[in-house]
Amino acid sequence: MSAELGVAFALRTVNERVQQAVARRPRDLPAIEPRLVAVSKTKPADMVIEAYSHGQRTFGENYVQELLEKASNPKILSSCPEIKWHFIGHLQKQNVNKLMAVPNLFMLETVDSVKLADKVNSSWQKKGSPERLKVMVQINTSGEESKHGLLPSETVAMVEHINAKCPSLEFVGLMTIGSFGHDLSQGPNPDFQMLVSLREELCKKLNIPTDQVELSMGMSVDFQHAIEVGSTNVRIGSTIFGERDYSKKPALDKSAADLKAPVEVTQEH
């Protein structure tokens with residue numbers, strides 16, 4: 001569905017569907033209440049404020065410049081004092097300092113290299129925040145060239161690096177985008193299953209309780225299935241805010257050398 005009937009109705013419907021999926025979730029999975037990240041890319045500040053006024057607190061953006069402008073908007077700052085921003089797009093190292101300047105930045109979901117983790121750690125440290133920045137490690141579970149993220153085999157080493165070498169960061173989970181258009185009649189999404197397995201492996205090797213490692217997977221088209229197999233963080237945009245008008249999008253956070261970024265523009269949350 002779209003948000004033609006209003007953001008409030010769409011939000012209520014999505015939250016109901018989240019709870020329906022939770023009820024179907026196997027009991028051997030961690031009983032974590034899934035977090036709904038309302039992805040507001042290309043949408044105006046007024047729609048963010050409307051969603052906030054109806055109880056939504058966590059929002060996500062894909063592009064650093066758009067997030068900085070939106071999070072710094074005086075209307076959002078005054079109307080949404082408890083807002084929490086997630087950055088869910090590909091982050092280039094030259095944009096790290098700009099991202100760290102975002103008001104109410106709560107989580108970076110897309111750490112995909114040791115160099116990026118080190119840069120984010122250093123920048124957040126210089127900011128002098130009393131809280132560590134929550135980060136997720138992005139895994140390329142589908143193996144597609146068009147997608148960013150670590151190889152699954154690099155997961156444990158990456159988390160070990162963050163825990164040992166990045167004191168200003170708090171590792172909280174794993175994130176994947178996964179392949180699109182999976183036919184559920186053929187069985188569970190293999191990308192989601194892989195992320196669940198990676199968490200299990202990670203927790204065993206590093207002696208971390210399973211319920212302390214979140215899984216960010218699932219978007220508008222598949223968030224219920226994602227929750228049913230273990231997602232604790234779903235990223236939903238068009239189902240809440242309606243279809244996007246990319247003719248109004250800001251300049252993308254990419255350089256001419258970043259050949260992967262244009263492909264990711266079409267990924268719908």
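Everything in the sequence shown is counted per the UniProt record's numbering, starting at 1 for the first residue and increasing by one. Backbone N, C-alpha and C fix where the C-beta goes; we use that ideal spot for every residue, glycine too.
What residue range is occupied by the uninterrupted alpha helix (DSSP H) comprising residue i?
i: Ile240; result: Ser238 to Phe241
i: Thr155; result: Thr155 to Lys165
i: Glu16; result: Val7 to Arg24
Given residue i, which residues of its chain have a CB within under 6 angstroms of its CB, disregarding the five upstream and five downstream residues?
i: Val196; result: Gly230
i: Asn121; result: Cys166, Ser168 and Leu169
i: Thr210; result: Pro30 and Cys203
i: Ile162; result: Ala117, Leu169 and Phe171
i: Met219; result: Arg235 and His269
i: Val111; result: Ala117, Val135 and Val137
If you drop the 5 nearest sequence neighbours on each side, which residues of the same chain put their C-beta closer than 7 angstroms to that of residue i?
i: Arg35; result: Thr58, Thr232 and Asn233
i: Asn104; result: Ala71, Ile83, Lys84 and Trp85
i: Asn62; result: Lys41, Ile88 and Gly89
i: Ala101; result: Leu68
i: Ser142; result: Gly178, Ser179 and Asp191
i: Val22; result: Pro34 and Ile227
i: Arg24; result: Glu228
i: Pro188; result: Val229
i: Met194; result: Thr141 and Pro152
i: Tyr52; result: Ser79, Cys80 and Ile83
Where does residue i fall in DSSP's three states?
i: Ser72; result: coil
i: Asn207; result: coil
i: Arg27; result: coil
i: Asn189; result: coil
i: Arg244; result: coil
i: Val229; result: coil
i: Leu151; result: coil
i: Glu144; result: coil
i: Leu202; result: helix
i: Leu91; result: coil
Using DSSP bridges, identify the partner residues of residue i.
i: Ser220; result: Note: Ser220 sits in no beta bridge, so no partner.
i: Met175; result: Gln138 and Ser216
i: Glu170; result: Lys134
i: Ser234; result: Checking the displayed sequence, the identity of residue 234 turns out to be Val instead of Ser. Paired residues: Leu36.
Where do the N-terminal and C-terminal ends of the beta strand (DSSP E) with residue i fall, by residue?
i: Lys134; result: Leu133 to Gln138
Closer than 6 angstroms to a non-hydrogen atom of the ligand HEM - does that hold for the CB of residue i?
i: Arg27; result: With respect to small molecules bound, the structure shown includes none, and the ligand HEM cannot be examined in it.
Excluding the 5 residues flanking residue i on each side, which residues of the same chain have their C-beta closer than 8 angstroms to its C-beta?
i: Val18; result: Pro34, Leu36, Phe223, Gln224, Ile227 and Val234
i: Gln20; result: Gln224
i: Glu160; result: Leu206
i: Ile32; result: Asp211, Glu214 and Thr232
i: Glu200; result: Thr210
i: Lys75; result: Ala45, Asp46 and Ile49
i: Ile208; result: Leu202
Within the segment 98–131, note down every full alpha helix (DSSP H) run reaching 4 residues or more, in order along the chain. Within the segment 98–131, the complete alpha helix (DSSP H) runs of at least 4 residues are 114–127.
Mind listing, in chain order, the continuous alpha helix (DSSP H) runs of no fewer than 4 residues lying wholly within the segment 33–87? Scanning the segment 33–87 from its first residue to its last, the whole alpha helix (DSSP H) runs of 4-plus residues come out as 45–53, 64–71 and 74–79.
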